Each structure stands twice: as structure tokens, then as C-alpha cells.
Amino acid sequence: MATKQVQSVIRAFVILEAFDRQRAALTSTEIAERVGMNNKTVHRFLLTMEEIGAVSRISRGRFCLGMALADLGSQVPVHRVLNEAVLHHLELLAEHYNESIQAAVLEGTDIVSIAHIPSRHSLSIGIRVGKRWPAYCTGVGKVLMADMTDSVL
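Below, the structure is given as C-alpha cells:
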């Protein structure tokens, strides 16, 4: 049975995902261009999300992610959050190999990045913690699926 989706929830998340570390503050026009949505629609979503704290308006019509999202993120179950010992090992690996190190978990058919230590190279892949990718498209995903039986895959 196909699941019924609420398009406005999907659109809200698409808008929120337009923000990243390089562009932490965006105008509604910039977001609309990034996500391929109508500017007026994006602006209405931003105003609604501002009311509930999901985004905050800063100078010159720019928006950034709001503290309500940080609060929600902090409620992720403890068993899914890396402890300091694991993060320490990732840092050791990054230092030893002088490469980016990523930890991810498999969620359904996707991987979700739960930690990332960037390399010191000038050219590096921008991996954002919390970002998801189809597992079959990534090295990490292939490693996580390597021991799965055909029936699970």
C-alpha cells in the first residue's frame, strides 16, 4: 500500500535543508532558487516556521535555522548519538590517514551521517552531519550493506 504524504511537510523540510554550513543565512529568494520553488511560497513557509522557532530572521531579510530545531535535535535518543570515545577514535583515524573520516548509520535504504572529521586537504567533500544519501551510492553504505543477505537487500 502506498503511503499518503503531506506535501507541505515535505516542502518545509526541503526548505530547511537548503541551509548548510557555507550558507547559514539565506533570503527567501536564495532558498527558492536552491530548491526550485516559488519565492512567495518559500516566503510564506519561512514566516510560518519563524512563528514556531524553526527559523529565525536576521539582518536584511535573511533567515537562519532556529533554536527549536536544536532543541528537537537534542532529543534524539542517546543510543543514536556518538559518545566521546567514538569521536576520539574518528579523530585519531583522520590524523593517522590525513583523510576525511565519516561515521554513518543505515536507516532503511539510506545512510545518515552521524559524525564527520574533515581532512586538511584543500579539496574535500562537504559532508554534513544528519545528511542522508542512498546507501548504494556511497562507500560507507556499501560497507554497511556488505554482510546483508539478498532477502534483506
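The end of the sequence shown is residue 153 by our numbering, with every number in the run present. A virtual CB, placed ideally from N, CA and C, is assigned to each residue, including glycine. Keep in mind the model is a prediction, meaning the values are calculated, not measured.
Expected contact under 8 angstroms - CB spacing of residue i and residue j to nearest Å
i	j	result
G66	A54	5 angstroms
G139	W133	G139 to W133, Cβ: 11 angstroms. No contact.
H89	S100	Actually they are not in contact, since the Cβ atoms of H89 and S100 sit about 15 angstroms apart, beyond 8 angstroms.
S119	N98	6 angstroms
DSSP-derived helix/strand/coil call for residue i
i	result
D147	coil
V9	helix
F45	helix
V25	The question names Val, but residue 25 is Ala in the sequence shown. Correct three-state label for A25: strand.
I127	coil
H79	Its pLDDT being 43, under 50, H79 is placed unreliably in this model, and the coordinates cannot settle the point.
T3	coil
E30	helix
G36	coil
One or two residues paired with residue i in a DSSP bridge
i	result
V112	V105, R132
L65	V55
I117	I101
Own chain, CB closer than 6 angstroms to residue i, minus 5 neighbours either side, in chain order
i	result
A32	N39, V42
G61	T27
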